[in-house]
Amino acid sequence: MGKITTSVSRIIRKNIGLILLSFIIYLIGIPAGFVYFDKSQSAVNPVLEEIKELIKYESKFQMAINIFLNNLTSSLILFLSGTLIIIPALILFINGFLLGFILRLFIQKNLSLYLLLAVLLPHSLPELLAICLSSGLGIRIGLSFICSKENRVINVNKAIREGCFIYIVIVIPLLLLAAFLEVYVSASFIQ
Numbered sequence: 007m008g009k010i011t012t013s014v015s016r017i018i019r020k021n022i023g024l025i026l027l028s029f030i031i032y033l034i035g036i037p038a039g040f041v042y043f044d045k046s047q048s049a050v051n052p053v054l055e056e057i058k059e060l061i062k063y064e065s066k067f068q069m070a071i072n073i074f075l076n077n078l079t080s081s082l083i084l085f086l087s088g089t090l091i092i093i094p095a096l097i098l099f100i101n102g103f104l105l106g107f108i109l110r111l112f113i114q115k116n117l118s119l120y121l122l123l124a125v126l127l128p129h130s131l132p133e134l135l136a137i138c139l140s141s142g143l144g145i146r147i148g149l150s151f152i153c154s155k156e157n158r159v160i161n162v163n164k165a166i167r168e169g170c171f172i173y174i175v176i177v178i179p180l181l182l183l184a185a186f187l188e189v190y191v192s193a194s195f196i197q
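When we follow our numbering, the leftmost residue of the sequence shown carries the number 7, and every step to the right adds one.
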């Protein structure tokens with residue numbers, strides 16, 4: 007276990023700048039979702055309604071598994087598309103935009119911001135960490151390919167190995183935790 011912890015710590019420290027950049031891009035989306043709430047309702051509201059309909063017919067366990075699989079797919083796209091750099095940035099921005107949209111929705115419906123925090127924080131923290139790790143490590147692969155003048159293949163292979171290691175050891179467990187927290191903890195605040 008000590009060797010795994012040391013490896014995780016080393017890889018995350020090496021990539022902290024890209025992980026933080028991913029978080030900043032996510033944060034930039036929040037005020038955009040808040041400000042452009044009125045203009046984006048026609049696009050976002052149908053998605054929210056579709057999610058509500060799906061929730062009605064699933065058991066909590068099935069819902070948690072579906073959320074996990076959806077987030078796993080999203081984080082895998084972030085990780086694999088990191089070589090293109092713009093795709094992770096767009097996905098992160100849209101996720102932040104949705105949070106800003108929901109924040110504005112809560113305010114317009116005179117719902118408690120405490121309720122919003124209670125609903126979002128338990129599952130959002132591990133989910134956001136997993137998403138930023140996926141994005142940052144994916145971008146590292148892309149940069150290893152673009153910026154390596156010598157030993158490109160070695161550098162890219164190392165970035166892929168390290169990214170896959172973090173994905174398996176940290177990202178997947180965080181996403182599983184987030185999905186079950188979302189269904190069993192966060193959802194209890196809005197029932």
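All residues carry an ideal CB built from backbone N, CA and C; glycine is no exception.
Assigned exposure category for residue i - 16 Cβ within 10 Å defines buried
i, result
"C238", "Because the chain in this structure spans residues 7 to 197, residue 238 falls outside the shown range and cannot be described."
"I10", "exposed"
"P128", "buried"
"Y120", "exposed"
"R110", "buried"
"G169", "buried"
"I160", "exposed"
"S15", "exposed"
"S65", "exposed"
"E55", "exposed"
"F43", "buried"
"E156", "exposed"
"I17", "buried"
"T79", "exposed"
"T12", "exposed"
"L123", "exposed"
"L75", "exposed"
"L24", "buried"
Neighbourhood of residue i by C-beta distance below 7 Å, restricted to the same chain and skipping five residues each side
i, result
"I93", "S87"
"V177", "S81, A136, L139 and S140"
"K45", "none"
"I91", "I145 and G148"
"I166", "I147"
"N77", "E133, L181, A184 and A185"
"R158", "F151"
Heavy atom of the ligand HEM within 6 Å of residue i beta-carbon
i, result
"R110", "Because no ligand of any kind appears in the structure shown, any question about the ligand HEM cannot be addressed here."
Same chain, Cβ closer than 6 Å to residue i, five either side skipped, listed in chain order
i, result
"A95", "I31"
"P132", "L180, L183 and A184"
"S154", "N161"
"F99", "I31 and G35"
Anticipated Cβ contact below 8 Å, residue i with residue j, distance rounded
i, j, result
"F112", "V50", "Between V50 and F112 the Cβ distance is about 14 Å, and since that is not below 8 Å, they are no contact."
"Y173", "F85", "6 Å"
"L134", "N21", "Contact flag wrong, Cβ pair sits at about 16 Å."
"I73", "E188", "6 Å"
"S192", "L126", "7 Å"
"T89", "F29", "Actually they are not in contact, since the Cβ atoms of T89 and F29 sit about 20 Å apart, beyond 8 Å."
### Message
If we require 4 or more residues per run, which alpha helix (DSSP H) segments fall completely within the region 69 to 145?
### Response
Counting only runs of 4 or more, we get 92 to 114.
### Task
Could you tell me whether the region 35 to 53 touches the region 131 to 150, where touching means 3 or more Cβ pairs closer than 8 Å?
Result no; under three Cβ-Cβ pairs closer than 8 Å.
### Task
Mind the definition here: the region 18 to 38 touches the region 89 to 105 only if three or more C-beta pairs lie below 8 Å; say whether that holds.
Touching, yes, given that three or more Cβ pairs across the two stretches are closer than 8 Å.
### Message
Please give the ranges of any beta strand (DSSP E) in the region 142 to 179, keeping only runs that are unbroken, at least 3 residues long and fully inside the region.
### Response
Fully enclosed beta strand (DSSP E) runs of 3 or longer: not present.
### Message
Could you tell me which whole alpha helix (DSSP H) segments of length 4 or greater appear in the region 16 to 63?
### Response
Uninterrupted alpha helix (DSSP H) stretches at least 4 residues long and entirely within the region 16 to 63 occur at 43 to 62, given in chain order.
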